[in-house]
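Q: For reference, the structure I am asking about is given below.
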Amino acid sequence: MRLLFLLLAILPLALAAPKSAVGRYAVRYDNFKIYSLFIENEDQMEELKKISQEISVHFLNELSGPDNSYNIIVGPLLQKYVESRLEYLEIVFKVIVDDLQKLLDKSAVDKDTEMEWESYHTLDTIYDWVDKECAAHDYLECKVIGQSYEGRDIKSIRLSKREGNKAILLEGNIHAMEWISSATVTFLLNQLINSEDPEMQRLSEEYDWIVVPMVNPDGFVYTHEVERLWRKNRRPNGATNSSGLCYGIDMNRNFDYHWGGAGWNIDEPCDHWFGGDEPNTEIEIIALQSFVSSFDDGYIRSYMAFHAYGQYVLLPYGHSNTEFPPNYEQMKRIAAAFSDAASEPYGSAFTYGASGLLNYVVSGAAKDWAYGVKNIPFTCTVELRDKGTFGFFLPSNQITEVGVEVTAGLKGLVNKAAEEGIFD
């Protein structure tokens, strides 16, 4: 996954827009540009870090070191300065988006539409669809597994058509800004419920499916109403900076498995990746863990967390790039089956392997907790489209294509996992 970060040249009027429906001001990014740059060596990486210390910066993903491409978002008042600085440092760069706000507008939400997969939707629309499907099908067991910090429901759906099945769990939107996550998870659930494809019907008969489409409802609502680039949940974390109170924990850094051992800025409360003062501090994470633990040991055989972006199937472990699970080779074969099948519809290539090796070393992630604590034999994080052109801001006209390719990948993954004995 590449790095996006935001170099903010913020004037109050530049960021303030008309009030949203809930009476807050929405942040806008008119004339903000996205640059793609390549960091060749440690010297350039250190200089990049210096830039971040000299200018107000907003990282959206962790720095993973040199010999990598990164995308940065630069406000209009700083663009000439940043370009000249990059040229001086001999950092190769190019502009890939001229106006971020126009890109965000391509993913605008139509609050009046019914649930479909041609546009992004509000939490209310997603939950209304879940409730309707639950009412329409007696093989769906739907629960509220807990509430968020601000009191919103965290809903689950369990599809079970036959006793004795083993289960696959799909997790969505633990990171608020990754709208394609819940869009994809609900697309998959819709396929399992309503598809006429014989293979999907077979998968819905032979396996139980547990879906938690929205782990972070507070952050998700905040991205719709206030700040599209928000990542964490919305609990005040006790810290302050020049802007006032600091909010939120990166909940995919808060699971109690090798918590706090590694990760970019996981100990900075006002940064996007703050993993908390200790593990399991967030009620959303406690609710999810309690829900997973409510099932008999051995029932859930696969845990798949959906994120953006980069087109990866990331396997345990995240906390190390030298330590691997005992069945790592088996897990790679299963991930390869996803990658091969997912490439068939549109040619999208998914890279697979341990996240600490392929991506960056980071601790406290859901997939590692599911594997290391709950002993679920196949867990992964699926990083969805794309490889950086749009990144977190994937236009809504790609939602269906993502759903189609991930559905294909899921078929390949489940069939390979069955061949490998994961469900035995």
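Here the sequence shown stands for residues -16 to -1, 1 to 408, numbered as in mature numbering (1 follows the signal peptide of the UniProt record, and there is no 0). Idealized CB from N, CA, C, for every residue including glycine. Bear in mind the structure is a predicted one, so any value in this text is a computation, not a measurement.
#1: Alpha carbon to alpha carbon, how far is residue 204 from residue 214? Give it in angstroms, no decimals.
#2: Please work out which residues of its chain come closer than 7 Å, Cβ to Cβ, to residue 325, disregarding the five sequence neighbours upstream and downstream, and give them in chain order.
#3: Quick one: which unbroken beta strand (DSSP E) runs of 3-plus residues sit fully inside the stretch 180 to 231? Chain order, please.
#4: So, helix, strand or coil for residue 370, using DSSP?
#5: Report yes or no: do the stretch 306 to 314 and the stretch 382 to 392 share at least 3 C-beta pairs separated by less than 8 Å?
#6: Can you list, in chain order, the residues of its chain with a C-beta nearer than 6 Å to that of residue 127? Leave out the 5 residues immediately preceding and following it.
#7: Put residue 364 into one of helix, strand or coil per three-state DSSP.
#8: Answer yes or no: do residue 259 and residue 284 have a C-beta to C-beta separation smaller than 8 Å?
#9: Considering only the beta carbon of each residue, do residue 346 and residue 246 sit closer than 8 Å?
#10: Check whether the stretch 107 to 122 and the stretch 52 to 66 touch, using three or more Cβ-Cβ pairs below 8 Å as the test.
#11: In terms of alpha-carbon separation, which member of 322, 403, 78 and 145 lies closest to residue 366?
#12: Name the DSSP bridge partner or partners of residue 155?
#13: Leaving out the 5 sequence neighbours to the left and right, which residues in its chain are closer than 6 Å to residue 5 when beta-carbon positions are compared?
#14: Can you tell me the Cα-Cα spacing of residue 341 and residue 172, whole angstroms?
#15: Do residue 300 and residue 240 have their CB atoms nearer than 8 Å?
#16: DSSP three-state label for residue 146, please.
#17: Check for me: the beta strand (DSSP E) holding residue 53 runs from which residue to which?
#18: Give the straight-line distance between the Cα atoms of residue 79 and residue 44, rounded to the nearest whole angstrom.
#19: Rounded to the nearest angstrom, what separates residue 273 and residue 75 at their Cα positions?
#20: Considering residue 77, what are the terminal residues of the beta strand (DSSP E) in which it resides?
#21: Whole angstroms is fine: what's the gap from residue 253's alpha carbon to residue 221's?
#22: Can you find at least 3 beta carbon pairs, one from the stretch 373 to 385 and one from the stretch 261 to 269, that sit closer than 8 Å?
#23: Note the first and the last residue of the continuous alpha helix (DSSP H) segment covering residue 277.
#24: Hey, quick one: how far does the beta strand (DSSP E) through residue 23 stretch, first residue to last?
#25: Less than 6 Å between C-beta atoms, sequence neighbours within five positions excluded: which residues of the same chain meet that for residue 286?
#26: Just list the residues that DSSP pairs residue 139 with in beta bridges.
#27: Pick out whichever of 406, 407 and 146 has its Cα sitting closest to the Cα of residue 123.
#28: Kindly indicate the opening and closing residues of the alpha helix (DSSP H) around residue 356.
#29: Compare the Cα-Cα distances from residue 200 to each of 89, 271 and 149 and report the closest residue.
#30: Closest to residue 305 by CA distance: which of 38, 48, 149 and 186 is it?
#31: Going by DSSP in three states, residue 10 sits in which element: helix, strand or coil?
#32: Does residue 123 come out as helix, strand or coil in the three-state DSSP assignment?
#33: Could you tell me whether the Cβ atoms of residue 51 and residue 30 are closer together than 8 Å?
#34: Since residue 292 contacts residue 378 with CB under 8 Å, what's their CB separation in whole angstroms?
#35: Counting only the same chain and skipping the five closest in sequence on each side, list residues whose C-beta sits under 7 Å from that of residue 319.
#36: Looking at the unbroken alpha helix (DSSP H) that takes in residue 393, where does it start and where does it end?
A: So, to answer that:
#1: Here residue 214 refers to the residue found at position 230 of the sequence shown. Here residue 204 refers to the residue found at position 220 of the sequence shown. Going from the Cα of residue 214 to the Cα of residue 204 covers about 8 Å.
#2: Within the sequence shown, residue 325 is the residue found at index 341, counting from 1. Answer for residue 325: 392, 393, 395 and 396, listed in chain order.
#3: 192 to 196, 220 to 225 and 228 to 231
#4: The residue you call residue 370 lines up with position 386 of the sequence shown. Three-state DSSP puts residue 370 in coil, outside helix and strand.
#5: no
#6: Residue numbering aside, residue 127 sits at position 143 when the sequence shown is read from its first letter. 140.
#7: Along the sequence shown, read from residue 1 onward, the residue named residue 364 stands at position 380. Strand.
#8: Position 275 of the sequence shown, counted from the start, is the residue given in the question as residue 259. Position 300 of the sequence shown, counted from the start, is the residue given in the question as residue 284. No, these two residues do not count as a Cβ contact at 8 Å.
#9: Along the sequence shown, one-based indexing puts residue 346 at 362. Along the sequence shown, one-based indexing puts residue 246 at 262. In this structure, residue 246 lies closer than 8 Å to residue 346 by Cβ.
#10: no
#11: To locate residue 366, count along the sequence shown from 1; it is residue 382. Measuring from the Cα of residue 366, the nearest candidate turns out to be 322.
#12: In the sequence shown, counting from the first residue as 1, residue 155 sits at position 171. Residue 155 pairs with 196 and 289.
#13: One-based indexing of the sequence shown puts residue 5 at position 21. The predicted position of residue 5 is uncertain, since its pLDDT is 43 and thus under 50; a value taken from the coordinates is nonetheless stated next. None.
#14: Translated into positions along the sequence shown, residue 341 becomes position 357. Translated into positions along the sequence shown, residue 172 becomes position 188. Each residue's alpha carbon lies about 28 Å from the other.
#15: Along the sequence shown, read from residue 1 onward, the residue named residue 300 stands at position 316. Along the sequence shown, read from residue 1 onward, the residue named residue 240 stands at position 256. Cβ distance not < 8 Å, so residue 300 and residue 240 don't count as in contact.
#16: Numbered from its first residue, the sequence shown carries residue 146 at position 162. Looking at residue 146 - three-state DSSP - the assignment turns out to be coil, as it is neither helix nor strand.
#17: As a position in the sequence shown, residue 53 is number 69, starting the count at 1. It spans 52 to 58 - the beta strand (DSSP E) in which residue 53 sits, taken as one unbroken run.
#18: The sequence position of residue 79 within the sequence shown is 95, counting from 1. The sequence position of residue 44 within the sequence shown is 60, counting from 1. Going from the Cα of residue 79 to the Cα of residue 44 covers about 18 Å.
#19: Taking the sequence shown and counting its residues from 1, one reaches residue 273 at position 289. Taking the sequence shown and counting its residues from 1, one reaches residue 75 at position 91. Using only the alpha carbons, I get a separation of about 44 Å.
#20: Numbered from 1 along the sequence shown, position 93 holds the residue referred to as residue 77. Run containing residue 77: 76 to 81, per the beta strand (DSSP E) assignment.
#21: Here residue 253 refers to the residue found at position 269 when the sequence shown is read from its first residue. Here residue 221 refers to the residue found at position 237 when the sequence shown is read from its first residue. Roughly 7 Å between the two C-alpha positions.
#22: no
#23: Walking along the sequence shown from the start, residue 277 turns up at place 293. Looking at the DSSP string, the run of the alpha helix (DSSP H) that includes residue 277 is 267 to 277.
#24: The count along the sequence shown starts at 1 and reaches residue 23 at position 39. Looking at the DSSP string, the run of the beta strand (DSSP E) that includes residue 23 is 17 to 23.
#25: The residue you call residue 286 lines up with position 302 of the sequence shown. Result list for residue 286: 152 and 362, in chain order.
#26: Against the sequence shown, residue 139 aligns to sequence position 155. According to DSSP, which records beta bridges pairwise, residue 139 is partnered with 128.
#27: Translated into the one-based positions of the sequence shown, residue 123 becomes position 139. The residue with the shortest Cα to Cα distance from residue 123 is 146.
#28: Start at 1 with the first residue of the sequence shown, and residue 356 comes out as number 372. 350 to 356 is the span of the alpha helix (DSSP H), which, as asked, contains residue 356.
#29: Here residue 200 corresponds to residue number 216 of the sequence shown, with the count starting at 1. When only C-alpha atoms are compared, the closest one is 271.
#30: As a working mapping, residue 305 is identified with position 321 in the sequence shown. The option with the nearest alpha carbon to residue 305 is 48.
#31: By 1-based counting over the sequence shown, the position of residue 10 is 26. It is a strand residue.
#32: To locate residue 123, count along the sequence shown from 1; it is residue 139. Coil.
#33: Indexing the sequence shown from 1 puts residue 51 at position 67. Indexing the sequence shown from 1 puts residue 30 at position 46. Not a contact, by the Cβ cut-off of 8 Å.
#34: For the purposes of this step, residue 292 is taken as the residue at position 308 of the sequence shown. For the purposes of this step, residue 378 is taken as the residue at position 394 of the sequence shown. That belief holds up - the Cβ atoms of residue 292 and residue 378 are roughly 7 Å apart, short of 8 Å.
#35: The residue given as residue 319 occupies position 335 in the sequence shown. Result list for residue 319: 297, 299, 336 and 364, in chain order.
#36: As a position in the sequence shown, residue 393 is number 409, starting the count at 1. Where residue 393 is concerned, the enclosing alpha helix (DSSP H) stretches over 383 to 403.
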